[in-house]
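S.K.: To start, I am sharing the structure in question, which I have written as structure tokens.
Numbering (the working numbering), first residue to last: 43 to 345.
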């Protein structure tokens, strides 16, 4: 089960919105098996490092992945935007990496390539790729994890993120039901956020809507076009987000049903300078959730 939770962390942290479709692994009775995992998930909003757009971005996320007995894996996901105003394939992303599990230690590394629709208003829509690493140690009472990643943006410097996580897995009904409450803290730079503000948030909305809703923290008139945006904290390494999440998984035969509610408490509001003014955004705490159904099958026969 350590590999199950590890894969969930790697794919969630290495993709957009933190809980971008909780990718889950089956509890394998034989860790030497290779398998295919198919998943359909829904998330009610795209949230990353506690940041989100003022317009909700709900996604339906079908995916398929191959997980080799060597620890290598590859996973492809399509993100379909299901909002009432805009419905489209908003993002396709491809993740590959390696997982290991040895005694009380587990870990992994992954790389993800992102292909956004040019009209996307997702808070990470200017990100093109990331490299993510995770190392965990199970103390039985509590499992502690360290996370590090670099996110590469289209028109600015890459972001560096570090994170710390603590969780514990509770089991019931002969291990069919799993509950793993988790506390996470993340710190890093905000180049991705500066790019997002420049291209989407303040007047340059790609899809043509201004999107100035609650939590934007700005005072820009809806009709004002903003050509440049600078965030004073973009290059600084600051505390960005604290989260409480409560992943549930129910395993039956070769199916896994998952539900993950998350509370995000964003930190370090950005100080934004536009063509006309300077102001500090008003960050708000965020509740978001994801639900999914997965199916797995082995690709090799046991001897």
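Heads up, the beta-carbon is just placed ideally off N, CA and C, and yes, glycines get one too. Just so we're clear, the structure is a prediction, and the values are computed from it rather than from any experiment.
Return the CA-CA distance between residue 89 and residue 81, expressed in angstroms with no decimal places.
M.R.: Roughly 20 Å separates the two Cα atoms.
S.K.: What three-state label does DSSP hand residue 224 in the structure shown?
M.R.: Strand.
S.K.: For residue 131, collect the residues of the same chain with a Cβ closer than 8 Å to its Cβ; drop the 5 residues on either side in sequence, then sort them by chain order.
M.R.: So the qualifying residues of the chain are 120, 121, 122, 123 and 159.
S.K.: Counting beta carbon pairs with one atom in the region 102-113 and one in the region 167-181, are three or more of them shorter than 8 Å?
M.R.: Judged by Cβ distances under 8 Å, the region 167-181 makes no contact with the region 102-113, as fewer than three pairs qualify.
S.K.: Kindly list the residues whose CB is nearer than 8 Å to the CB of residue 229, restricted to its own chain and excluding five residues on each side of it in sequence; keep chain order.
M.R.: If we look at residue 229 and ignore the five residues flanking it on each side, its Cβ neighbours are 203, 204, 205, 279, 280, 281 and 282.
S.K.: Using three-state DSSP, classify residue 327 as helix, strand or coil.
M.R.: Three-state DSSP puts residue 327 in coil, outside helix and strand.
S.K.: Which residues does DSSP pair with residue 142 in a beta bridge?
M.R.: Answer is 149.
S.K.: Might you give, ordered along the chain, the residues of its own chain that have their beta carbon closer than 6 Å to the beta carbon of residue 95, omitting 5 neighbours on each side?
M.R.: Cβ within range, chain order: 163 and 165.
S.K.: Would residue 142 and residue 169 be called neighbours here (beta carbons separated by less than 8 Å)?
M.R.: Not in contact: residue 142 and residue 169 (Cβ atoms no closer than 8 Å).
S.K.: Helix or strand or just coil, what does DSSP make of residue 234?
M.R.: If DSSP states are grouped into helix, strand and coil, residue 234 belongs with the helices.
S.K.: Between the alpha carbons of residue 192 and residue 136, how many angstroms are there, rounded?
M.R.: Using only the alpha carbons, I get a separation of about 16 Å.
S.K.: Please confirm whether residue 239 and residue 314 have their CB atoms less than 8 Å apart.
M.R.: It is a contact, given that the beta carbons lie within the stated cut-off.
S.K.: So what's residue 96 in DSSP terms, helix, strand or just coil?
M.R.: The answer is coil: DSSP assigns residue 96 none of H, G, I, E or B.
S.K.: Spatial neighbours of residue 325 within its chain, please: C-beta separation below 6 Å, excluding the five flanking residues on both sides.
M.R.: The answer, listed in chain order, is 308 and 311.
S.K.: Taking residue 152 as the reference, which of 145, 174, 134 and 161 has the closest Cα?
M.R.: Residue 174 is the option with its Cα nearest to residue 152.
S.K.: Which residue marks the beginning of the beta strand (DSSP E) containing residue 109, and which one marks its end?
M.R.: Looking at the DSSP string, the run of the beta strand (DSSP E) that includes residue 109 is 101-109.
S.K.: Starting from residue 303, follow the beta strand (DSSP E) in both directions and report where the run begins and ends.
M.R.: Segment 297-308, the beta strand (DSSP E) holding residue 303.
S.K.: Taking buried to mean at least 16 other C-beta atoms within 10 Å of its own C-beta, is residue 298 buried or exposed?
M.R.: Label assigned to residue 298: buried.
S.K.: Hey, would you say residue 332 sits closer than 8 Å to residue 85, going by beta carbons?
M.R.: Yes, the Cβ-Cβ distance between residue 332 and residue 85 is below 8 Å.
S.K.: Report the three-state DSSP secondary structure of residue 277 (helix, strand or coil).
M.R.: In this structure, residue 277 counts as coil in the three-state DSSP scheme.
S.K.: What does the Cβ neighbour count give for residue 72, buried or exposed, with the cut at 16 atoms within 10 Å?
M.R.: In this prediction, residue 72 has a pLDDT of 41, which is less than 50 and means its spatial position is unreliable; nothing more can be read from the coordinates.
S.K.: Excluding the five sequence neighbours on either side, which residues of its own chain have a C-beta within less than 7 Å of the C-beta of residue 198, listed in chain order?
M.R.: Only 233, 236 and 237 meet the Cβ criterion.
S.K.: Compare the C-alpha of residue 293 against each of 215, 340, 224 and 75 and name the closest.
M.R.: Among 215, 340, 224 and 75, the Cα nearest to that of residue 293 belongs to 215.
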